[in-house]
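A quick write-up on the structure given underneath.
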Amino acid sequence: GAVVSQHPSWVICKSGTSVKIECRSLDFQATTMFWYRQFPKQSLMLMATSNEGSKATYEQGVEKDKFLINHASLTLSTLTVTSAHPEDSSFYICSASGLGLAGSTQYFGPGTRLLVL
Amino acid sequence: AQSVTQLDSQVPVFEEAPVELRCNYSSSVSVYLFWYVQYPNQGLQLLLKYLSGSTLVKGINGFEAEFNKSQTSFHLRKPSVHISDTAEYFCAVSDRRASASKIIFGSGTRLSIRP
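Protein chains in written order, with the numbering used here: chain X, 9 to 125; chain L, 20 to 134.
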């Protein structure tokens with residue numbers, strides 16, 4: 009149980025285009041989803057927290073107009089990187105926490121590798 | 020606010036030898052503690068977690084960790100490692116007070132197993 013999927017697993021795009029990444033909880037209702045970014049050989053850095061049906065809370069230094077997060081249902085959250093630039097190239101990982109999951113446990117998706125040319 | 024320190028960025032170990040990955044945390048409130056493993060080019064997998072109760076926590080793949088409140092530590096151990104344990108290991112904490120609190124990660128420890 010507690011499986012989280014992400015789509016796509018990798019994406020290459022041109023500079024200036026927008027990219028949408030989906031995060032789905034497959035077998036539980038995710039009341040809260042988290043989006044992380046991980047640069048090579050570094051730890052995960054939290055970008056934002058989203059609760060179903062409300063606006064996301066962004067961490068300091070993360071541009072909310074550039075990284076659009078939507079959490080419209082209890083099983084789906086999306087991250088849209090708008091006007092992507094090469095410095096946005098990274099590994100993006102989502103996690104989900106929700107009903108029936110004890111002690112604030114988060115389950116992580118497999119990640120999406122973004123390369124902006 | 021919470022923070023996590025993983026003192027060792029890399030730990031080389033021979034196969035079948037024991038290993039300990041160190042983790043210390045800082046927090047003004049009670050926390051939950053986690054260890055996650057990340058294999059190359061993959062997401063994170065939960066190894067084990069401490070929520071309450073016994074301070075010795077057993078996880079998957081033969082790993083265990085001990086919560087030491089006085090030393091604010093949560094070190095991860097395995098008595099005998101295998102080549103397949105080669106991965107990045109992250110210690111993490113979250114605020115116990117919230118039902119869905121953000122997780123703060125340590126910088127990670129790369130475990131490399133030598134044959």
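Glycine included, every Cβ here is placed at the ideal spot set by N, Cα and C. This one's a predicted model, so the numbers in the text were calculated from it and none came from an experiment.
Check: Buried versus exposed call for G14(X) [16 or more other C-beta atoms within 10 Å across all chains shown]; Outcome: The residue you asked about is not Gly; residue 14(X) is Gln in the sequence shown. Flag for Q14(X) reads buried.
Check: Reduced DSSP category for S81(X) - H, G, I as helix; E, B as strand; rest coil; Outcome: strand
Check: F75(X) at chain L interface by Cβ criterion, 8 angstroms; Outcome: no
Check: Same chain, Cβ closer than 6 angstroms to D96(X), neighbours up to 5 away in sequence not counted; Outcome: V89 and V124
Check: Proximity of G127(L) and Q61(L) at Cβ, strictly below 8 angstroms; Outcome: no
Check: Whole-angstrom C-beta distance between V38(L) and V30(L), which should lie under 8 angstroms; Outcome: 6 angstroms
Check: Cβ neighbours of S120(L) in the same chain (closer than 7 angstroms, five flanking residues each side left out); Outcome: S113 and D114
Check: 8 angstroms Cβ cutoff, L63(L) in contact with chain X; Outcome: yes
Check: Residues bridged to S131(L) [DSSP beta-bridge criterion]; Outcome: P31(L)
Check: Chain X within 8 angstroms of I122(L), Cβ atoms only; Outcome: yes
Check: Every unbroken beta strand (DSSP E) within the segment 24-101 of chain L, with a cutoff of 3 residues, ordered by chain; Outcome: 29-33, 38-40, 43-46, 50-57, 63-69, 75-77, 83-87 and 92-97
Check: Euclidean distance between Cα positions of F33(L) and P134(L); Outcome: 6 angstroms
Check: Whole-angstrom distance between I20(X) and N43(L), CA atom to CA atom; Outcome: 38 angstroms
Check: Residues of the segment 45-56 of chain X with Cβ closer than 9 angstroms to any Cβ of chain L, in chain order; Outcome: Q46, K49, Q50, S51, L52, M53 and L54
Check: Collapsed DSSP secondary structure at E95(X) in the structure displayed; Outcome: helix
Check: Cβ contact (3+ pairs, closer than 8 angstroms) linking the segment 50-58 of chain X and the segment 67-84 of chain X; Outcome: yes
Check: Option in T91(L), L130(L) and R116(L) with minimal Cα separation from I102(L); Outcome: L130(L)
Check: 8 angstroms Cβ cutoff, Q114(X) in contact with chain L; Outcome: yes
Check: Per-residue DSSP class, three states only, for S103(L); Outcome: helix
Check: For A111(L): DSSP bridge partner residues; Outcome: F53(L) and F124(L)
Check: Heavy atom of the ligand GDP within 7 angstroms of S33(X) beta-carbon; Outcome: The ligand GDP is not part of the structure shown, which contains no ligands of any sort.
Check: Inter-residue Cα distance where the pair is P94(X) and S23(X); Outcome: 7 angstroms
Check: Candidates E85(L), S71(L) and Q64(L), of which the one nearest E107(L) by Cα; Outcome: Q64(L)
Check: Buried versus exposed call for L67(L) [16 or more other C-beta atoms within 10 Å across all chains shown]; Outcome: buried
Check: Beta-carbon neighbours of F109(L), restricted to chain X and to distances below 9 angstroms; Outcome: S51 and L52
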